[in-house]
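First residue of the sequence shown: 76, per our numbering; consecutive thereafter.
In what follows, a single structure is set out as structure tokens and then discussed.
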Amino acid sequence: MNFDRREFLISMSAAIAALSTRGFAQSQDPSTGALVVGQGNYQWKAVPGWGVLDAETPVKDCHAMVQTKDGRIFLFTNHTKNNMVIYDRAGKLLGKWGTEYPGAHGMTLAVENGEEVLYLTDHDRHQVYKTTLDGKVLRTWDYPEKSGKYKSAAEYKPTHVALAPDGGFFVVDGYGKSWCHRYDKSGEWVKCFGGNDPNGANLACSHGAWVDTRDPKNLLWITSRAESKLKRYTLDGELVDILELTGAEPNFIVPYGDHTVIPCLRSTGHKNGLLCVLDPSRKVISNLAAAPPQYDGEKLATITSDSKLFTYPHGILIDDQQSIYVAQWNSGKTYPIKLERVKA
76 MNFDRREFLI SMSAAIAALS TRGFAQSQDP STGALVVGQG NYQWKAVPGW
126 GVLDAETPVK DCHAMVQTKD GRIFLFTNHT KNNMVIYDRA GKLLGKWGTE
176 YPGAHGMTLA VENGEEVLYL TDHDRHQVYK TTLDGKVLRT WDYPEKSGKY
226 KSAAEYKPTH VALAPDGGFF VVDGYGKSWC HRYDKSGEWV KCFGGNDPNG
276 ANLACSHGAW VDTRDPKNLL WITSRAESKL KRYTLDGELV DILELTGAEP
326 NFIVPYGDHT VIPCLRSTGH KNGLLCVLDP SRKVISNLAA APPQYDGEKL
376 ATITSDSKLF TYPHGILIDD QQSIYVAQWN SGKTYPIKLE RVKA
């Protein structure tokens, strides 16, 4: 066993042991002893050691994950020895590619003309890319100069792409000036909104975005991470409503049937972070690796997690078997954590 793998397994074992003695809503699986996190019908158990690889396939910050239709799991990391790591369901290495993305961050899977493609963002290179699943770059988008919002490319630091129903897409500039840019189906820039808008439609660290095609209105959700808020807009950029996740820092929005899961980088200053499960009315009904959600009427109480399971959970994948894979930022170069759904 190499050093990195040994250290990872030791740290996971320590985390599970520590969590089992704390007062959060968690337990242990009676048959396996695995840590169970979450509340009510929405609980998952940790799978130690999933996806841990040897030193020939290192990671730095793990930022995003997707699953292709053939079941492969793609991990996007900013380690330039292998920016893309490809796993099978069991966590075994299938392949890897990419050495040119030092600011590897957002990854969105799309199907175009019957073929799966990836939309990738690199905030260090100030660009967005469309690639094949084996890494061939099909198109590159530089900073949207015509928007008039940037003095130079250096101010533009895109973090994620959201797909629009008409074949276009949105790019959020979460680490730059927090604008959301709309592109048409030809890939041409159309408009932008958010940013420092003084009328409440502003965004502060517009980190992740997603168009909710479950809703006939096709509303665009955007995380305003520095405000601890989720904001919904029309596809034309009009603010519809705001959901506050007080104390938490939401990264992305991930659909889960008619529910939604929000990975939060941290809560109330803790680096540990959590995942929030929202019901169809957008009420938080389960917190993974944190205390149960508490409401005073319609107001959500401040979310707090000092759990040791996660270290800055960043992006997640929910696979076709309801397992959740958690990619973590600044976690000591650890591989993703897998959580298996506990049947209610």
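Using N, Cα and C, we set each Cβ at its ideal position, and we do this for glycine too.
Because the structure is a prediction, the values reported are computed rather than measured.
Return the Cβ separation of residue i and residue j in integer angstroms, given the expectation that the two are a contact with Cβ distance under 8 Å.
i: Leu-375; j: Val-359; result: 6 Å
i: Cys-280; j: Arg-307; result: Wrong, their Cβ atoms sit about 17 Å apart, outside the cutoff.
i: Glu-415; j: Val-122; result: 6 Å
i: Leu-193; j: Leu-169; result: Between Leu-169 and Leu-193 the Cβ distance is about 16 Å, and since that is not below 8 Å, they are no contact.
i: Ser-361; j: Gly-115; result: 6 Å
Residue i: which of the options sits nearest, CA to CA?
i: His-32; options: Gly-178, Pro-338 and Asp-217; result: Given a span of 76 to 419 for the chain in the structure shown, any question on residue 32 remains unanswerable.
i: Thr-155; options: Leu-363, Asp-395 and Pro-177; result: Pro-177
i: Gly-283; options: Asn-326, His-389 and Pro-219; result: Asn-326
i: Gly-332; options: Val-111, Tyr-117, Ile-161 and Asp-272; result: Tyr-117
i: His-389; options: Lys-135, Trp-264, Pro-338 and Ile-297; result: Pro-338
i: Ser-227; options: Lys-171, Pro-330, His-201 and Gly-173; result: His-201
i: Ala-237; options: Leu-350, Pro-330, Asp-145 and Gly-348; result: Pro-330
i: Thr-288; options: His-334, Asn-347, Tyr-258 and Asp-259; result: His-334
i: Gly-262; options: Trp-254, Asn-274 and Asp-241; result: Asp-241
i: Trp-254; options: Trp-285, Arg-214, Gly-348 and Ile-297; result: Ile-297
i: Ile-391; options: Pro-219, Pro-411, Cys-267 and Glu-220; result: Pro-411
Identify whether residue i lies in helix, strand or coil by the three-state DSSP scheme.
i: Ser-406; result: coil
i: Leu-94; result: Because the pLDDT at Leu-94 is just 40, under 50, the model does not fix this residue reliably, and the value given afterwards should be weighed accordingly. Three-state result, Leu-94: helix.
i: Ala-276; result: coil
i: Ala-376; result: coil
i: Ala-100; result: Unreliable placement is indicated for Ala-100, whose pLDDT of 44 sits below 50; no coordinate value is reported for it.
i: Lys-383; result: coil
i: Glu-220; result: helix
i: Glu-230; result: helix
i: Glu-324; result: strand
i: Glu-415; result: strand
i: Glu-319; result: strand
i: Ala-121; result: strand
i: Ile-85; result: For Ile-85, the predicted structure reports a pLDDT of 39, less than 50, and the residue's modelled location is therefore unreliable. A value from the coordinates is still provided. The answer is helix: DSSP assigns Ile-85 an H, G or I state.
i: Asn-77; result: Because Asn-77 sits at a pLDDT of 41, beneath the cut-off of 50, its placement in the model cannot be relied upon, and the following sentence gives the value as read from the coordinates. Asn-77: coil per DSSP, three-state reduction.
i: Arg-300; result: helix
i: Gln-369; result: coil
i: Arg-341; result: strand
i: Leu-128; result: coil
i: Leu-363; result: strand
Taking the CB atoms as reference points, tell me whether residue i and residue j lie closer together than 9 Å.
i: Leu-320; j: Val-336; result: no
i: Leu-184; j: Thr-152; result: no
i: Thr-379; j: Ala-366; result: yes
i: Ser-406; j: Thr-377; result: no
i: Trp-125; j: Lys-418; result: no
i: Gly-210; j: Thr-234; result: no
i: Val-186; j: Leu-384; result: no
i: Arg-164; j: Gln-369; result: no
i: Val-160; j: Val-141; result: no
i: Lys-252; j: Tyr-225; result: yes
May I ask you to check if the CB of residue i is nearer than 8 Å to at least one heavy atom of the ligand MG?
i: Pro-291; result: By its list of ligands, the structure shown contains no ligand whatsoever, and the ligand MG lies outside what it can speak to.
Inside the segment 174-206 only - beta strand (DSSP E) runs reaching at least 3 residues: Listed in chain order, they are 179-187, 190-197 and 202-206.
Mind listing, in chain order, the continuous beta strand (DSSP E) runs of no fewer than 3 residues lying wholly within the segment 232-284? If we require 3 residues or more, the beta strand (DSSP E) runs fully inside the segment 232-284 come out as 235-238, 244-247, 254-258 and 264-269.
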